[in-house]
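Notes follow the structure.
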Amino acid sequence: MTSDPAARKPGSVLASDAEREDMIERLREAAAEGRLTLEELAERYEAAYLARTREELASIAADLPDAAAPPPAGAATGQRAFKAVFGDLTASSPDLAKGIEATAVFGDLTLDLCASPAPPSGGVTINARAIVGDVHLLLPEGVRVEMHCGKVFGDLRDLTRAHSGPDATAPAIRITGSAVLGDIVVAHPSSDRRTYWQKWLDERRGSRP
């Protein structure tokens, strides 16, 4: 594969991030159906993230039933996307208003959300994918964690105390996605840095009758 526009076939259309994510989901479903071995799944995940054109992307699932070129991407979701591909990445205080995409492929991604302003709705969805790598999410005290992730020879770990039943008005962190030969880990940092979140929670509690 090449990134040189002149070297691509005439008529080639560059693939979008949304189309790559659609293909990743298609491969995950195929693995769950027993159509791909673990090694094949890991190889195709990598190929999907490296694919430059829709043609390259479609070829990854060409031997799977009902395989077809990924549909054109819809309207942008506005989610903040963080990717650690063949390397490590650490980011702090991302904007959470429209959600987060956190992807680690042959690398480790660490997101520190403790100083991020709480979104107006009080909740946020994080779509995490750990593929032969780890996604670490650092959350402040007092938030509710809801994990809805799948795993294939990977691990999902919630090391927070949030699942023990905090106030129902606490901000909810909903984590979706999958771990394939990797881990998705949710934890609190060693220090309490929940300033913005605590302010939101205090305001909510104060508004209740």
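Residue numbering for the sequence shown follows our numbering, starting at 2 and increasing by one per position. Yeah, the Cβ is synthetic: ideal placement off N, Cα and C, and Gly gets one too.
ask   = Excluding the five sequence neighbours on either side, which residues of its own chain have a C-beta within less than 6 Å of the C-beta of D113, listed in chain order?
value = So the list reads S93, L139, once near-sequence residues are dropped.
ask   = Between which two residues does the beta strand (DSSP E) containing E147 stretch?
value = Residues 145-153.
task = Can you tell me which of A98, Y50, E57, G134 puts its alpha carbon nearest to the alpha carbon of L90?
result = Out of A98, Y50, E57, G134, G134 has the C-alpha closest to the C-alpha of L90.
request  = Starting from S60, follow the alpha helix (DSSP H) in both directions and report where the run begins and ends.
outcome  = Counted as a single uninterrupted DSSP element, the alpha helix (DSSP H) harbouring S60 occupies residues 55-61.
Which residues DSSP lists as bridging K276, in chain order = The question about residue 276 has no answer, for the chain in this structure spans 2 to 210.
request  = Just mark L42 as buried or exposed, buried being the case when its beta carbon has 16 or more other beta carbons within 10 Å.
outcome  = With 16 or more other Cβ atoms inside 10 Å of its own Cβ, L42 counts as buried.
ask   = N128 to E102, Cα distance in whole Å?
value = Approximately 5 Å, taken between the alpha carbons.
request  = Express the C-alpha separation of G155 and L110 in angstroms, rounding to a whole number.
outcome  = So the two alpha carbons sit approximately 15 Å from each other.
Closest Cα partner of R130 within the set A180, R145, G100, P172 = For the options A180, R145, G100, P172, the alpha carbon positioned closest to that of R130 is the one of A180.
request  = Take G100 as the anchor and find which of G124, E56, H149 has the nearest alpha-carbon.
outcome  = Closest option to G100, Cα to Cα, is G124.
query = Would a C-beta distance cut-off of 8 Å place R21 and L65 closer than the cut-off?
reply = With respect to the 8 Å criterion, R21 and L65 are not classified as neighbours on the basis of their beta carbons.
request  = Would you please verify whether the beta carbon of D135 is less than 8 Å from any beta carbon of chain D?
outcome  = No chain D is present in this structure, which holds just one protein chain.
request  = Starting from T161, follow the beta strand (DSSP E) in both directions and report where the run begins and ends.
outcome  = That residue, T161, is in no beta strand (DSSP E); it is neither H nor E in DSSP.
ask   = Considering only residues of the same chain and omitting the five flanking positions on each side of G178, which have a CB-CB separation below 6 Å?
value = N128, A129, R130, C150, listed in sequence order.
query = Using DSSP with H/G/I as helix, E/B as strand and the rest coil, what is D18?
reply = Residue state for D18 is assigned as helix, using DSSP reduced to three classes.
query = Among M24, Y50, A188, which has the Cα closest to the Cα of V136?
reply = Nearest C-alpha to V136: A188.
ask   = Taking just the CA atoms, how far does V144 sit from I174?
value = Looking at the two C-alpha atoms, the distance is approximately 7 Å.
inquiry  = Using 8 Å for Cβ pairs, my map puts R81 next to D96. What's the rounded Cβ distance?
reply    = Yes, R81 and D96 are in contact; Cβ-Cβ is about 6 Å, under 8 Å.
request  = With a threshold of 16 other CB atoms inside 10 Å of the CB of A62, please say whether the residue is buried or exposed.
outcome  = By the neighbour-count criterion, in which a residue is buried when 16 or more other Cβ atoms sit within 10 angstroms of its Cβ, A62 is buried.
inquiry  = For C115, tell me which candidate among G88, V106, A85, T161 has the shortest Cα-Cα distance.
reply    = Here the closest residue by C-alpha is T161.
ask   = Do you know whose CA, among L51, E40, S13, lies nearest M24's CA?
value = Among L51, E40, S13, the Cα nearest to that of M24 belongs to L51.
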